[in-house]
Structure formats: structure tokens, C-alpha cells
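There are 2 protein chains.
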Amino acid sequence: MQQNQIEMQVLKKHNFGAGPCILPGSVLQQAANAVVNWNDSGLSILEVSHRSPEFESVVLKTQLLIRELLNVPQSYEVLFLQGGASTQFSMVAMNFLQGRACGAYLDTGYFAQKAIKEAKLFGKVAIVASSEDKDYSYIPDHFETPSDAAFLHCTSNNTIEGTEMFSFPETSAPLICDMSSDIFSRTINVRDFDLIYAGAQKNMGPAGMTLVIAKNEFLNSVKHALPSMSDYRVYRDNQSMFNTPPVFSIYVSMLNLLWLREQGGVTGIQLKNHKKSELLYEEIDRNPLFYGTAMPAHRSKMNITFKMHDPSMEAEFLRFAAGHGVVGIKGYRTVGGFRASLYNALPLSSVEFLVQVMQHFEKEKTMVYSMGTQIAGS
Amino acid sequence: MQQNQIEMQVLKKHNFGAGPCILPGSVLQQAANAVVNWNDSGLSILEVSHRSPEFESVVLKTQLLIRELLNVPQSYEVLFLQGGASTQFSMVAMNFLQGRACGAYLDTGYFAQKAIKEAKLFGKVAIVASSEDKDYSYIPDHFETPSDAAFLHCTSNNTIEGTEMFSFPETSAPLICDMSSDIFSRTINVRDFDLIYAGAQKNMGPAGMTLVIAKNEFLNSVKHALPSMSDYRVYRDNQSMFNTPPVFSIYVSMLNLLWLREQGGVTGIQLKNHKKSELLYEEIDRNPLFYGTAMPAHRSKMNITFKMHDPSMEAEFLRFAAGHGVVGIKGYRTVGGFRASLYNALPLSSVEFLVQVMQHFEKEKTMVYSMGTQIAGS
Numbered sequence: 006m007q008q009n010q011i012e013m014q015v016l017k018k019h020n021f022g023a024g025p026c027i028l029p030g031s032v033l034q035q036a037a038n039a040v041v042n043w044n045d046s047g048l049s050i051l052e053v054s055h056r057s058p059e060f061e062s063v064v065l066k067t068q069l070l071i072r073e074l075l076n077v078p079q080s081y082e083v084l085f086l087q088g089g090a091s092t093q094f095s096m097v098a099m100n101f102l103q104g105r106a107c108g109a110y111l112d113t114g115y116f117a118q119k120a121i122k123e124a125k126l127f128g129k130v131a132i133v134a135s136s137e138d139k140d141y142s143y144i145p146d147h148f149e150t151p152s153d154a155a156f157l158h159c160t161s162n163n164t165i166e167g168t169e170m171f172s173f174p175e176t177s178a179p180l181i182c183d184m185s186s187d188i189f190s191r192t193i194n195v196r197d198f199d200l201i202y203a204g205a206q207k208n209m210g211p212a213g214m215t216l217v218i219a220k221n222e223f224l225n226s227v228k229h230a231l232p233s234m235s236d237y238r239v240y241r242d243n244q245s246m247f248n249t250p251p252v253f254s255i256y257v258s259m260l261n262l263l264w265l266r267e268q269g270g271v272t273g274i275q276l277k278n279h280k281k282s283e284l285l286y287e288e289i290d291r292n293p294l295f296y297g298t299a300m301p302a303h304r305s306k307m308n309i310t311f312k313m314h315d316p317s318m319e320a321e322f323l324r325f326a327a328g329h330g331v332v333g334i335k336g337y338r339t340v341g342g343f344r345a346s347l348y349n350a351l352p353l354s355s356v357e358f359l360v361q362v363m364q365h366f367e368k369e370k371t372m373v374y375s376m377g378t379q380i381a382g383s
Numbered sequence: 006m007q008q009n010q011i012e013m014q015v016l017k018k019h020n021f022g023a024g025p026c027i028l029p030g031s032v033l034q035q036a037a038n039a040v041v042n043w044n045d046s047g048l049s050i051l052e053v054s055h056r057s058p059e060f061e062s063v064v065l066k067t068q069l070l071i072r073e074l075l076n077v078p079q080s081y082e083v084l085f086l087q088g089g090a091s092t093q094f095s096m097v098a099m100n101f102l103q104g105r106a107c108g109a110y111l112d113t114g115y116f117a118q119k120a121i122k123e124a125k126l127f128g129k130v131a132i133v134a135s136s137e138d139k140d141y142s143y144i145p146d147h148f149e150t151p152s153d154a155a156f157l158h159c160t161s162n163n164t165i166e167g168t169e170m171f172s173f174p175e176t177s178a179p180l181i182c183d184m185s186s187d188i189f190s191r192t193i194n195v196r197d198f199d200l201i202y203a204g205a206q207k208n209m210g211p212a213g214m215t216l217v218i219a220k221n222e223f224l225n226s227v228k229h230a231l232p233s234m235s236d237y238r239v240y241r242d243n244q245s246m247f248n249t250p251p252v253f254s255i256y257v258s259m260l261n262l263l264w265l266r267e268q269g270g271v272t273g274i275q276l277k278n279h280k281k282s283e284l285l286y287e288e289i290d291r292n293p294l295f296y297g298t299a300m301p302a303h304r305s306k307m308n309i310t311f312k313m314h315d316p317s318m319e320a321e322f323l324r325f326a327a328g329h330g331v332v333g334i335k336g337y338r339t340v341g342g343f344r345a346s347l348y349n350a351l352p353l354s355s356v357e358f359l360v361q362v363m364q365h366f367e368k369e370k371t372m373v374y375s376m377g378t379q380i381a382g383s
């Protein structure tokens, strides 16, 4: 094998991890500086009081950046929580399903199912449609929402299955969306939703915080008592500081959103993300060793899932890629194959490099095959 | 005013903040390095998968350090959660009060009251004793726990009121303790408790994670269904990785616990903490301008609360102290006065410095007073 045929640097890591995922180098450098001495305050960002005016302004600035980048209307709240999307699965149901007729769920994969499971503890669940029949390789688009549904819940991007919703259901029920793995990657119309939630650890920042964007009117529709930390109204009424928030995660998210603004905001990054995913899907479709697992019309631009026609080659390709500094492309354990996550901070050059690695592997395999044929035929 | 009379460096910050609080400089430096390039992996600690063997070993190592430092018996679990003590207030009740006769609570201050408030959503609460009659300046020690109590809940250190429990109730009910602000500061006998919880942001690490140490038998006594993220058994059965954990907070906690081990562990730090608090209480008792607010027998070694006999001087002393780099000593807003938190990472030299600042302020005030008397008498 002639590794030097791959022209790009081989020591740098190309991080295709599904999350916690790659963050911009400049953000990491600023974050590291703040861990030692934040803004020349003589204190680390890890040891400042969350009640200090300096940190309160970080929270406010992060909220304003989110409002600007996603064009969040004033009638919506921007809240910071903990516990990831997994906590939202039950919290959504505690707030909006408890005491109501039913919650409608669109079943598009592993995380949608998790949301459904948690909701069942708090009330009746109606699954409006499911793509389980075809291994969650598509997004169902013809379904009815029950008229008594308190909300319709969907998952905008299915991280494990590699599908993404490019249009959202039109329904009279309030729409709740888990956007954990594609928020800030493309433009959305916040007004289409009553509540959006997302774990931070993809395109927003480090693990440990959760973003919630919710229509105030929807929050006000909740009338029953709830544990404070499970009550969206408590976060709203206390500027997300009812208790000690995840200070560092919020701070690094602020840095990362400032970086996103420099990239031309969500509109700018969407163009780059489109280019990255196009390039990789083209190679998957061209390269005779690989095939994509999601239906073309529903292919995610964030998490590209693919397999090899000969599954026995997969472990070898993983090792080959790892040898060239490509990390994080192993598919989810229940699905197998590969998953390349092309989050905002992943440069186009990393995708170009992965394509080269795939082409190189193809050549090597073809050579081995033709040599094998030659030997067999000789 | 002759500032140069204070001999210590005046540019460095002396951080007496109540939390998030001071962390050792060496820990901050290591954490900063890991944010840029973790263990020469070419990846930031913020962008590694929580399912990678490298990070799994961080979780394991952190658990083992906690077991070693607190001498945790094998029959207890060590779990990492999110949401701080505020989430534990309701989670404890969801798990152990729901469906049972009553939960017994010892009311020793602001956070005990918060725990009580959240518990009431899930069942009957019996307050076994309260020190509210004397502004929470002591720990009640004669009380009965109802025979049908599912547990007795107490708060080992009252961060706001500056009191600490130096002995724990002997009761047949399982004992649950909020140790957020004094865990790892002194030796405890874990066997005295059925469940201990603590927000990390004092002596453990950065905000964003919660430590739970629970007797397995106690966890097994829970038989009802719970939301996954509110179910201790789910954390136990998934090695605290049911979902993406707060990666960075866990990692920095590991670094900080390694530092603690180098300090002679909990026994070693306890001696240092004792010395620090003795020194400050001595000055509070000696200095005619100040007085301590907690009853001497119940004075916290972590959060030293004190006031001035002349409250109109307090704002001036705060400014004076801040001018010398002393930060974080303002008392909690509902209590007023001062609070100096002497967490593990605060060096003795910072306490010595604060004592000097107090003495200097005293001299200045005495001089002004005697000059005023002279002028008045002349």
C-alpha cells in the first residue's frame, strides 16, 4: 500500500464523530484560554460565579446570538437546560401530555422511539406514522394527526439512521421538534414550531447543556404543578438561572455561535454543509464498494450513513481509514456500517480527504482482485 | 490609606466565591491543555465521543477515585448525573417518596427548604425539626423521625447560613444527605447514609455534573416506573452513560480528585481546611468590627458567614476588600453581610490575606474614629 498517494496531511485527525463532535479550532483555543484566565479577570471561567454580571452577560449574549442566527420571534423564549434530549423526552410529556387527551408522535427512528417510550409514562401516545417497515430509511409524509392531540412530536434529523426532514408536517396541533443533530446547520422557520429542543453537543457546543426554544403562549398553556427543574416556566422566569447552570458549556456555545456568525450565519453554513454532503453522497453512489442506506430524497446532510456491498470488508476499511487519521465513522452499533457526521465545524477538506481514502481503498481492492484473478488464471 | 502595608501580592485574585468556586491552578492548566489537544490524541476533550474507550476510562477512573477518597463500600454505586442538587430535590422524592407514607426532612436552611418544597409534589412531608426560629444559625439535634418515614433527608452543610452538621442523626430510616458544599472537604462514613448527592461545583469540579453515591439495596427498593433520566437505576445499569454525559465536567473532576489525592486525600485536606477556618473565625471573634452569624458549635468550615456591628460599613468593606483582589465574599442576598467560602482549592495564604485585610480595615476605621474624637474634643 502506498500511503503517500494520499496527498493530504495524515497526522491531523479528521473527526467525523456523531457527537460530542468537532468544534472549530479557534473556538477551542479561546475556550482553553478562558479556562486559565477568562478575559484577563484573573479567574478561570470555571471558577466565576454564575450570578456575576460578567457571566450573566454571557448568558444574555448567547440568547441574543441564537435569536439572531435562527431569527427567533419575540414571542418565543430561548432557554438553557441540562440533561440533553433524553431529559426532554420526558419533560415534554410531563408539561404538555399530562392531563391531556394524547400526544402524537412521528416515529422516524431510534431517538423518536425513545421519546415515545418516555411519553407513555405520562399519557396516551398516538403514533401517526412510522418508517420502521423499511429500517427507518425514509421520512413518512402522509399521515393524519388525531384532532385531540395535545401536540405532534417529530425528529428533524435522525442521527443514527441518516435521514432528515426537509419539510415539516402541517398540522393544527402544536408542533414539537427534537432538532438535536441539525439545529444551526440550516435555516428553519421557528414559527412553524411551538417548541424546539436540542442537546448542545453537535452544532452548538460541548455536551452538558440543552437548548429549548418555546412559544410563550404554549408554555402558558401548562397549568399543573411540576418539579421546578422539569418546568419550562421556571427556566423562563429565572433567565435559565434557577440554579447553577452549566457555565462552561454555555460559554463555549457562545464562542461557537460567534464563529457561526462569522461563517455567514446559518444561511452561510447551510451552503457549505450542502456542498460537503453532496460530495460524499456522490462518492458513495459512484464507488462500487459502497452504498447509501437512506432513501435519496430523505438523506441527511449531517449524518451520512453507508455500508459496503461486502460486509466482510467493513472492519478493514475502518482500520484503513483510521490509519489515515479518519475517526468517528463507525456506524451506530445497532445499525452497523459507517456514519460520517458532517457537522458545521467539519471542513470541506476533511470530506475531500475521506473521499480520497474511499477511492484509494477501492483501487487497492480492485488491484488485489485483479491480481487474484491473474494468479487464479495463470 | 497606605495599601503597601498589606504585604501580600495584590494583583492575584483571592477567590472566596461560594460556587462555582476556586479550582487548583494546576488542574485548570491541565484542563486548558485538554481543550486544545487531549493526551496528544489530536482531538479536544470537547470533541471526543463519550463512547470511546479513552473517555470510558475517564469515567471509570473518576468513579474509582471517588471510591478511594471517600472509602465507598462495594455495596454502594457511584453515579454521575446532571442538573445539580436542585434536580436531586425532586428526583429523591420521585424515587423514594412516591407511593410511600412520608418523607422526613430536617430543615436547616434555604436549600433544605427547597428540597422540602419539591418533595411535597410527590407525597407527604414531615419536618422533624427546624432551626428557622433562630435564622438557621444552628443545627437542631433533638428530634424524632416518624416510624413510617421512607427516609430522613438532611443537608450536611448550609452554604448560605454557614452551618455544618458535625454528627448525623441516628435513625432507623434510610438517611439521604445533600452534601453539595462540603463533600470531599472532610471524612465521612458513607455507611451512615443510604444516598448522598452533591452538585460538583464546589470541591469536585466545574458546574454541570452531579455526584450520587447510593446504597444498591436502597435503589433496589424502588419498584415503580420512572422517566429514564429520573431513575437512579438507569444510571447504575448504564455506567452513568445512558445518554451523553457532561464530558468536560467529569474530566475536570477527575483531574481535581487526582489533585486531592496528592494533598493527602480527604484526611489531608481536612486538616488544612480546619486550619483555614480556625484562622478566619479567630479574626472574626477578635476584630471588634465583625461578628459571626452561626452558633460556634455549628460553624461551617466551608462557608464562613459574618457581619459588621455597624451594617452601614459593609459596603465600604466590600469595596476595600475588592480593591485588594478579594472576591466573592458578599453574603447571599437574603442574608446580607459576608460569606467567605474556604473550599479545598483555596490556599491558606488567601485566608491569611483576608485576615490582614480585615485588620487593616479595622486600623483605618479606628484611626478615623480616634481622629474624629480628637477633632470633636479639640
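Residue numbers (my numbering), protein chains in the order written: chain U, 6 to 383; chain C, 6 to 383.
Note that the Cβ used here is the ideal one computed from N, Cα and C, for glycine as well.
It should be emphasised that the depicted structure is a prediction, and the values quoted were computed from it without experimental measurement.
If you follow the alpha helix (DSSP H) that residue i is in, where does it begin and where does it stop?
i                 : result
Gly270 of chain U : 270-291
Asp242 of chain C : 237-242
Quick check: the Cα distance between residue i and residue j, rounded to an integer number of angstroms?
i                 : j                 : result
Met96 of chain C  : Asn76 of chain C  : 25 Å
Ala109 of chain C : Ala98 of chain C  : 11 Å
Val360 of chain C : Gln34 of chain U  : 38 Å
Gly297 of chain C : Gly167 of chain C : 9 Å
Glu175 of chain C : Asn208 of chain C : 26 Å
Arg344 of chain U : Ser136 of chain C : 58 Å
Thr371 of chain C : His365 of chain C : 10 Å
Met184 of chain U : Ile201 of chain U : 7 Å
Arg191 of chain C : Pro352 of chain C : 16 Å
Phe189 of chain U : Thr215 of chain U : 14 Å
Asp140 of chain U : Ala154 of chain U : 26 Å
Ser375 of chain C : Phe325 of chain C : 20 Å
Ile11 of chain U  : Phe322 of chain U : Bear in mind that a pLDDT of 44 at Ile11 of chain U, under 50, signals an unreliable position, so the model cannot answer this.
Ala90 of chain U  : Gly22 of chain C  : 32 Å
Given residue i, which residues of its chain have a CB within under 7 Å of its CB, disregarding the five upstream and five downstream residues?
i                : result
His55 of chain C : Met246, Thr249, Pro250, Val252
Would you say residue i faces chain U, with C-beta separation under 8 Å as the test?
i                 : result
Ile27 of chain C  : yes
Lys228 of chain C : no
Glu59 of chain C  : no
Phe171 of chain C : no
Thr249 of chain C : yes
Gln87 of chain C  : yes
Ser95 of chain C  : yes
Pro211 of chain C : yes
Asn292 of chain C : no
Using the beta-carbon of each residue, which ones in chain C are nearer than 7 Å to residue i?
i                 : result
Thr92 of chain U  : Met234
Gln336 of chain U : Gln is not the amino acid found at residue 336 of chain U; the sequence shown has Gly there. Per Cβ cutoff of 7 Å: no residues; Gly336 of chain U is ~12 Å from chain C at best.
Leu33 of chain U  : Val40, Val41, Ser49, Leu51
Does residue i have its Cβ less than 8 Å from a Cβ in chain C?
i                 : result
His158 of chain U : no
His55 of chain U  : yes
Asn278 of chain U : no
Gly333 of chain U : yes
Val257 of chain U : yes
Cβ closer than 9 Å: which chain C residues qualify as neighbours of residue i?
i                 : result
Ala36 of chain U  : Ala37, Val40, Val41, Ser49, Leu51
Lys416 of chain U : What the structure shows of chain U is the stretch from 6 to 383, and residue 416 of chain U is not part of that stretch, so it cannot be assessed.
Starting from residue i, follow the beta strand (DSSP E) in both directions and report where the run begins and ends.
i                 : result
Val217 of chain U : 215-220
Ser95 of chain U  : Per DSSP, Ser95 of chain U belongs to no beta strand (DSSP E); it is in the alpha helix (DSSP H), 89-101.
Leu126 of chain U : Per DSSP, Leu126 of chain U belongs to no beta strand (DSSP E) and is neither H nor E.
Ile181 of chain C : 180-183
Would you mind telling me which residues of chain U sit closer than 9 Å to residue i, beta carbon to beta carbon, in chain order?
i                 : result
Asn208 of chain C : Correct list: empty, because the minimum Cβ distance to chain U is about 12 Å.
Residues in the same chain with beta-carbon distance under 6 Å from residue i, minus the five sequence neighbours each way, listed in chain order, please.
i                 : result
Leu294 of chain U : Met313, Glu367
Met170 of chain U : Ile144, Ser161
Might you give, ordered along the chain, the residues of its own chain that have their beta carbon closer than 8 Å to the beta carbon of residue i, omitting 5 neighbours on each side?
i                 : result
Asp315 of chain U : Leu294
Gln275 of chain C : Ser190, Arg191, Thr192
Could you list which residues in chain U have their beta carbon closer than 8 Å to that of residue i, in chain order?
i                 : result
Phe189 of chain C : Near Phe189 of chain C there are no residues of chain U at all, since even the closest Cβ is about 16 Å away, more than 8 Å.
Just the chain U side, please: which residues come within less than 7 Å of residue i by C-beta, in chain order?
i                 : result
Glu149 of chain C : None at all; the shortest Cβ gap to chain U is about 28 Å.
Leu126 of chain C : Ala230, Pro232
Glu123 of chain C : Pro232, Ser233
Asn20 of chain C  : Leu48, Glu52
Below 8 Å on C-beta distance, what does residue i contact in chain C?
i                 : result
Ser254 of chain U : Gly213, Pro251, Phe253
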